[in-house]
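Q:
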Amino acid sequence: MHRQPLLQLLDRYDSRHPSEAAMTDRIRQLVVAHADCFDRTCRPGHITASAWITTPKRDRFLLVHHRKLNRWLQPGGHADGQTDAADVAMREATEETGLPNLRHAATGADATPLDVDVHIIPARHDAAGNQIEDAHEHHDVRFLIIAEGDLAPQVSEESHAVRWFTAEELQATIEEESVLRLWRKSAL
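Counting with our numbering, you get residues 537 to 724 for the letters of the sequence shown.
#1: Could you give the first and the last residue of the continuous alpha helix (DSSP H) run that contains Arg-548?
#2: In angstroms with no decimal places, state the Cα-to-Cα distance between Gly-617 and Ile-589.
#3: Buried or exposed: where does Gln-603 fall if 16 or more other Cβ atoms within 10 Å of its Cβ makes it buried?
#4: List, from N- to C-terminal side, the beta strand (DSSP E) runs of 3 residues or more that fit wholly inside the stretch 633-660.
#5: Please identify the residue among Asp-646, Ile-681 and Ala-642 whose C-alpha is closest to the C-alpha of Arg-627.
#6: Pull the bridge partners of Ala-738 from the DSSP assignment, please.
#7: Excluding the five sequence neighbours on either side, which residues of its own chain have a C-beta within less than 6 Å of the C-beta of Ala-641, listed in chain order?
#8: Would His-601 and Arg-576 be called neighbours here (beta carbons separated by less than 7 Å)?
#9: Tell me, please, which residues DSSP counts as bridged to Trp-608.
#10: Please list the terminal residues of the continuous alpha helix (DSSP H) segment that includes Gln-667.
#11: Would you mind sorting Asp-662 into buried or exposed? The rule is 16 or more other CB atoms within 10 Å of its CB.
#12: Looking at Asp-653: is its Cβ nearer than 7 Å to the Cβ of Asp-676?
#13: Return helix, strand or coil for Leu-680, following the three-state DSSP convention.
#14: Use the C-beta contact count for Thr-709: other C-beta atoms within 10 angstroms, 16 or more gives buried, fewer gives exposed.
#15: For Ile-583, count neighbouring C-beta atoms within 10 Å of its own C-beta (all shown protein chains included) and say buried if the count is 16 or more, exposed if not.
#16: According to DSSP, is Glu-673 helix, strand or coil?
#17: Three-state secondary structure (DSSP) at Ile-710?
#18: Out of Ala-585, Thr-633, Ala-571 and Pro-554, state which residue places its alpha-carbon closest to the alpha-carbon of Arg-539.
Right, dumping it as structure tokens:
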């Protein structure tokens, strides 16, 4: 079953974060109920993956100012049929930041997400007010990614900006609890 690796990943996450079982259960229910959970057309939601990008010292954190949502977020996006969430997170990190030297912080048996989250994506409308996308859920699997070497990111077409934040700047700028949770979880 193409969904089994993600279910195993969620099991490993549960074993490390038992207090977050309600969130992983929501993702697990989607995965079990919908064979098309990796496709963006799946409703009520679909699997996405994102990357919490930091330096080896974990003293700076890279966020993109998302064009559609108009807020600072970690890079990430749709699986688009790809079933390996860690690969999706890396693909999105590379596409959205242009950084060449990225690696997963955890590999092998330790390859567990940093965080998981289910959140609502609001409906989108065109300039005339016609709905072009319905509201739906993103079942996001989030990975810790380390950036080494060249730390000069490039802005992609999906973002207004991309920049490094210190911990102090994050706390002063970011109000999104799920982003702050990533920062707290990534502390050494």
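Quick reminder that beta carbons are idealized off the backbone N, C-alpha and C, glycines included. Keep in mind it's a predicted model, so treat the numbers as computed, not measured.
A: Based on what the coordinates show:
#1: Start and end: 540-552.
#2: One C-alpha to the other measures close to 23 Å.
#3: Correcting the residue identity first, residue 603 is Arg in this sequence and not Gln. Exposed, since its Cβ has fewer than 16 Cβ neighbours within 10 Å.
#4: For the stretch 633-660, whole beta strand (DSSP E) runs of length 3 or above, ordered along the chain, are 638-640 and 651-657.
#5: Closest by alpha carbon: Ile-681.
#6: This structure gives no information on residue 738, because the portion of the chain shown stretches from 537 to 724.
#7: Answer for Ala-641: Leu-680 and Ile-682, listed in chain order.
#8: Using a Cβ distance threshold of 7 Å, His-601 and Arg-576 do not count as a contacting pair.
#9: According to DSSP, which records beta bridges pairwise, Trp-608 is partnered with His-601.
#10: Here Gln-667 belongs to no alpha helix (DSSP H); instead the beta strand (DSSP E) covers 667-669.
#11: Counting other Cβ atoms within 10 Å of its Cβ, Asp-662 stays below 16 and is therefore classed as exposed.
#12: Yes, the pair counts as a contact, with Cβ atoms nearer than the cut-off.
#13: The answer is strand: DSSP assigns Leu-680 an E or B state.
#14: Result: exposed.
#15: The Cβ neighbour count for Ile-583, taken over all protein chains shown within 10 Å, is at least 16; the residue is labelled buried.
#16: Shown here, Glu-673 sits in a strand according to DSSP, grouped into three states.
#17: Shown here, Ile-710 sits in coil according to DSSP, grouped into three states, outside any helix or strand.
#18: Comparing Cα positions, the closest option is Ala-571.
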